[in-house]
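Undergrad: In order, the protein sequences belong to chains A and B. If you count the first sequence from 1, position 99 lands on 103 in the numbering used here, and the numbers rise without skipping. If you count the second sequence from 1, position 95 lands on 270 in the numbering used here, and the numbers rise without skipping. My questions will all concern the structure given below.
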Amino acid sequence: MAQEVKLFGMWASLYSRRIEIALKMKGVQFEFIEEDLQNKSPLLLKHNSIHKKVPVLLHNGMPIAESLIILEYIDETWLDNPILPRDPYDRAMARFWARFIDEKLIWISWDAFSSKEEDQGKAIEEACKQLKALENELKEKEFFGGDTLGYLDIAAIMVASWFGVMQEVMKVELLTEENFPILCQWVGKFVDCPIVKECLPRKEKMVEFTRVLLKDFLASK
Amino acid sequence: MAEEVKLFGSWASPYTSRVKVVLKLKGIEYENVEEDLSNKSPLLLKYNPIHKKVPVFLHHGKPIAESLIIIEYIDETWKHNPILPIDPYDRAMARFWAKFIDEKIQPAVWKTLLAGENEREAAIEEAHQLLKTLERELNGKKFFGGESLGFLDVAGNVVVWLEVSQEALGMNLLDKEKFPILHEWCQRVLDDDAFKQVMPPKEKLLAFTRARFEAFLGPK
């Protein structure tokens, strides 16, 4: 029976790209529905009435929201090419660090990017501390997932893309090769993966988009 | 062996309590390490350097932090009496609503407590809407997990704790007239054997809650 898989997303949303990467890694055919976030479709608002956000995965008419939750659903539904580790402890660690990225790292880094000059030094120091903690999780591995991309690599798309974009838009250096050689090496390998290359928008396009998104903020600086 | 399983927690932390309930439901023996949250032990800070919080679960010397992540680990390691549903969609829904409780309901409840006179009405209205949304998910079931406590019921313990402790704060956020279904669910949870054994005594919780908020806001 043909499975109906739809993904409501948006080209510049890295959360949305996470899902695309996972679906492609599993070879799942899906229909991508591009949302205009300034004018959300009635379908999106119906399928994610709580948060009204992308991404939303629709599988045989059943909606799931929240990117990390969608990733786990995908892994539990399409069993080929598992993205979460097998071992329960490794799974717990992958989940922990993915949540760390979304709930702590991004916000602390946003503070570092957006702080007033007088607070920026301290904010950058704090953000670097958090980045270092994440870098330490790579240890000797090619990817967070080991030899190949896994759940945490997919979650860390934020590190691979958002940081570079923000650094250019806000003119603040955070994730540098000098300070984070291992993490930057991972970024290089990550963006070079064929599936990621298919899914990641060009940096220039993201920078332009982000500049427009933050225009009021940038104007006030 | 009990010595292989340790839980660093605090009796007053509902997040610690979540893990204790699951350990009880699965009949897992463990060593309880009670933390003084005003003076955290070097071990706790070593095992959870990122968040420096309880609970932290230690199994064969390996630490895991974050209550919901700990619970998923326990469920995957001790497979009897599963806490999460079997079906992937139901699992996704349980995880979604647990996240909703922690990221939406909890902060909204806090907001009502900390709101100034002018913002209180709006804060209460927001919290009410969120609680109503959660209540709808019960959908005629005895528990979120169906016939017995499941992952979302355990995550929902903060709502149960709110019901129990709100009188200490002079509030009636979870009004049983407004939320009859949620109220009944709270009573069923409080009546559950595992939950009962883990829940701190009501008076102790009320006294603690009162003291904590007076420290925060000044005595009422």
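Cβ atoms here follow ideal geometry from the backbone N, Cα and C, with glycine treated the same way.
In terms of DSSP beta bridges, what is B:Leu212 paired with?
TA: Within the second sequence, the letter at position 37 stands for residue 212 of chain B. The partner list for B:Leu212 (beta bridge, DSSP) is empty, contrary to what the question assumes.
Undergrad: Are the CB atoms of A:Phe36 and A:Val9 nearer to each other than 7 Å?
TA: In the first sequence, residue 36 of chain A corresponds to position 32, counting from 1. In the first sequence, residue 9 of chain A corresponds to position 5, counting from 1. No. Outside cutoff.
Undergrad: Using a Cβ cut-off of 7 Å (strictly closer), state whether B:Pro260 contacts chain A.
TA: Stepping through the second sequence from its first residue, residue 260 of chain B is reached at position 85. For B:Pro260, the answer is no, since every Cβ of chain A falls outside 7 Å of its Cβ.
Undergrad: For a contact meaning CB atoms closer than 7 Å, what does B:Ile280 contact in chain A?
TA: Taking the first residue of the second sequence as 1, we reach residue 280 of chain B at position 105. What B:Ile280 touches in chain A: nothing, since even the nearest Cβ is about 11 Å away.
Undergrad: Do B:Leu198 and B:Asn256 have their beta-carbon atoms positioned less than 7 Å apart in this structure?
TA: Along the second sequence, read from residue 1 onward, the residue named residue 256 of chain B stands at position 81. Along the second sequence, read from residue 1 onward, the residue named residue 198 of chain B stands at position 23. No, Cβ-Cβ distance for B:Asn256 and B:Leu198 is not below 7 Å.
Undergrad: For A:Thr81, which residues in chain C fall below 7 Å Cβ to Cβ?
TA: Absent here is chain C; the protein component of the structure consists of chains A and B.
Undergrad: Touch check for the region 194-206 of chain A and the region 293-301 of chain B: three-plus C-beta pairs under 8 Å?
TA: No: fewer than three Cβ pairs fall under 8 Å.
Undergrad: Going along the chain, which unbroken runs of the beta strand (DSSP E) with 3 or more residues stay wholly within the region 35-118 of chain A?
TA: You should have 35-38, 60-63, 66-69.
Undergrad: What are the boundary residues of the beta strand (DSSP E) that includes B:Phe183?
TA: For the purposes of this step, residue 183 of chain B is taken as the residue at position 8 of the second sequence. Counting along the chain, the beta strand (DSSP E) containing B:Phe183 begins and ends at 180-184.
Undergrad: Starting from A:Phe104, find everything on chain B with Cβ-Cβ shorter than 7 Å and list it in chain order.
TA: On the first sequence, position 100 is the one that residue 104 of chain A refers to. Under the 7 Å cutoff, chain B gives Ile225.
Undergrad: Just checking my contact of A:Arg215 with A:Val173 at CB under 8 Å: how many whole Å lie between their CB atoms?
TA: Within the first sequence, residue 215 of chain A is the residue found at index 211, counting from 1. Within the first sequence, residue 173 of chain A is the residue found at index 169, counting from 1. About 6 Å; that satisfies the 8 Å criterion.
Undergrad: Is the beta carbon of B:Val196 closer than 7 Å to that of B:Ala443?
TA: No statement about residue 443 of chain B is possible, as the shown extent of chain B runs from 176 to 395 and does not include it.
Undergrad: Got a sec? Which residues, its chain only, sit under 6 Å from A:Ala102 by beta carbon, not counting five neighbours each side?
TA: Residue 102 of chain A sits at position 98 when you count from the first residue of the first sequence. Closer than 6 Å at the Cβ level, and outside the excluded window around A:Ala102, lie Leu72, Leu156, Ala159.
Undergrad: Assuming A:Leu142 contacts A:Ile186 under a Cβ cut-off of 8 Å, what Cβ separation, rounded to an integer in Å, is found between them?
TA: Residue numbering aside, residue 142 of chain A sits at position 138 when the first sequence is read from its first letter. Residue numbering aside, residue 186 of chain A sits at position 182 when the first sequence is read from its first letter. Rounded, the Cβ-Cβ distance is 5 Å, consistent with contact.
Undergrad: Based on DSSP bridge pairs, tell me the residues matched to B:Asn207.
TA: Against the second sequence, residue 207 of chain B aligns to sequence position 32. According to DSSP, which records beta bridges pairwise, B:Asn207 is partnered with B:Leu182.
Undergrad: Using a Cβ-Cβ cut-off of 8 Å (strictly less than) and excluding sequence neighbours within five positions of B:Ile280, which residues of its own chain qualify?
TA: Taking the first residue of the second sequence as position 1, residue 280 of chain B is located at position 105. For B:Ile280, where only same-chain residues beyond five positions count, the Cβ hits under 8 Å are Ala302, Leu305, Leu306, Leu309, Val333, Val334.
Undergrad: Whole angstroms are fine: how far does the CA of A:Ser165 sit from the CA of A:Trp15?
TA: Numbered from its first residue, the first sequence carries residue 15 of chain A at position 11. Numbered from its first residue, the first sequence carries residue 165 of chain A at position 161. So the two alpha carbons sit approximately 13 Å from each other.
Undergrad: What first and last residue would you give for the beta strand (DSSP E) that runs through A:Leu11?
TA: Counted from its first residue, the first sequence places residue 11 of chain A at position 7. 9-13 is the span of the beta strand (DSSP E), which, as asked, contains A:Leu11.
Undergrad: Name, please, each residue of chain A whose Cβ falls closer than 7 Å to the Cβ of B:Thr287.
TA: Locating residue 287 of chain B in the second sequence gives position 112, counting from the first residue. The contacting residues do not exist; B:Thr287 stays about 20 Å from chain A at best.
Undergrad: Which residues, in order along the region 65-79 of chain A, keep a beta-carbon less than 8 Å from a beta-carbon of chain B?
TA: Flagged, chain order: Met66, Ile68, Ala69, Glu70, Ile73, Ile74, Glu76, Tyr77.
Undergrad: Write down the C-beta distance between B:Leu288 and B:Phe232 rounded to the nearest angstrom, noting that I regard them as a contact closer than 8 Å.
TA: Your numbering for residue 288 of chain B matches position 113 in the second sequence. Your numbering for residue 232 of chain B matches position 57 in the second sequence. Between B:Phe232 and B:Leu288 the Cβ distance is about 29 Å, and since that is not below 8 Å, they are no contact.
Undergrad: Apply the 10 Å Cβ neighbour rule to B:Trp336 and answer buried if 16 or more other Cβ atoms are within range, or exposed otherwise.
TA: The residue you call residue 336 of chain B lines up with position 161 of the second sequence. Its Cβ being crowded by 16 or more others within 10 Å, B:Trp336 is buried.
Undergrad: For A:Ile161, which of A:Lys193, A:Phe184, A:Lys136 has the nearest alpha-carbon?
TA: On the first sequence, position 157 is the one that residue 161 of chain A refers to. Looking at the Cα atoms, A:Lys193 is the closest of the given residues.
Undergrad: Alpha helix (DSSP H) containing B:His235: first to last residue?
TA: Indexing the second sequence from 1 puts residue 235 of chain B at position 60. Neither: B:His235 is in no alpha helix (DSSP H) and is coded neither H nor E.
Undergrad: Between the Cα of B:Glu300 and those of B:Arg311, B:Ala267, B:Val284, B:Trp272, spot the shortest distance and give me the residue it belongs to.
TA: The sequence position of residue 300 of chain B within the second sequence is 125, counting from 1. Out of B:Arg311, B:Ala267, B:Val284, B:Trp272, B:Val284 has the C-alpha closest to the C-alpha of B:Glu300.
Undergrad: Let me see if you follow: with CB-CB separation under 7 Å, is A:Met5 close to chain B or not?
TA: As a working note, residue 5 of chain A is residue 1 in the first sequence. Only weak support exists for where A:Met5 lies, its pLDDT of 47 falling under 50; the value from the coordinates is given anyway. Judged by the 7 Å Cβ criterion, A:Met5 is not in contact with chain B.
Undergrad: Taking all protein chains shown into account, do 16 or more other C-beta atoms lie within 10 angstroms of the C-beta of B:Ile244, making it buried, or fewer, making it exposed?
TA: Counting from one through the second sequence, the residue named residue 244 of chain B turns up at place 69. Per the 10 Å Cβ criterion, buried.
Undergrad: Give the secondary structure of A:Phe194 by DSSP, where H, G and I count as helix, E and B as strand, and everything else as coil.
TA: The count along the first sequence starts at 1 and reaches residue 194 of chain A at position 190. In the structure shown, A:Phe194 sits in a helix (DSSP, three-state: H, G or I).
Undergrad: Check whether chain A comes within 7 Å of B:Thr191, counting only Cβ atoms and requiring the distance to be less than that.
TA: Position 16 of the second sequence holds residue 191 of chain B. No, because no Cβ of chain A sits closer than 7 Å to the Cβ of B:Thr191.
Undergrad: Return the CA-CA distance between B:Asp367 and B:Phe318, expressed in angstroms with no decimal places.
TA: Here the question's residue 367 of chain B lines up with position 192 in the second sequence. Here the question's residue 318 of chain B lines up with position 143 in the second sequence. Those two C-alpha atoms are separated by around 11 Å.
Undergrad: With H, G and I counted as helix, E and B as strand and the rest as coil, what does DSSP make of A:Met5?
TA: Stepping through the first sequence from its first residue, residue 5 of chain A is reached at position 1. Caution applies to A:Met5, whose pLDDT of 47 falls short of 50 and renders its modelled position unreliable; the model cannot decide the point.
Undergrad: Going by C-alpha distance, which of A:Ala131, A:Glu122, A:Ile105 is nearest A:Ala116?
TA: Counting from 1 along the first sequence, the entry for residue 116 of chain A is found at position 112. The shortest Cα separation from A:Ala116 among A:Ala131, A:Glu122, A:Ile105 belongs to A:Ala131.
Undergrad: Does the beta-carbon distance from A:Leu48 to A:Glu39 come in below 7 Å?
TA: Sequence index remark: in the first sequence, residue 48 of chain A carries index 44 (1-based). Sequence index remark: in the first sequence, residue 39 of chain A carries index 35 (1-based). Taking 7 Å as the Cβ cut-off, A:Leu48 and A:Glu39 qualify as a contacting pair.
Undergrad: Give the secondary structure of A:Phe167 by DSSP, where H, G and I count as helix, E and B as strand, and everything else as coil.
TA: As a position in the first sequence, residue 167 of chain A is number 163, starting the count at 1. In this structure, A:Phe167 counts as helix in the three-state DSSP scheme.
Undergrad: Would you verify that the beta carbon of B:Lys237 is, or is not, closer than 7 Å to some beta carbon of chain A?
TA: Here residue 237 of chain B is taken as the residue at index 62 of the second sequence, counted from 1. At least one chain A Cβ lies under 7 Å of B:Lys237.
Undergrad: Note the first and the last residue of the continuous alpha helix (DSSP H) segment covering B:Ala283.
TA: The residue you call residue 283 of chain B lines up with position 108 of the second sequence. Where B:Ala283 is concerned, the enclosing alpha helix (DSSP H) stretches over 281-289.
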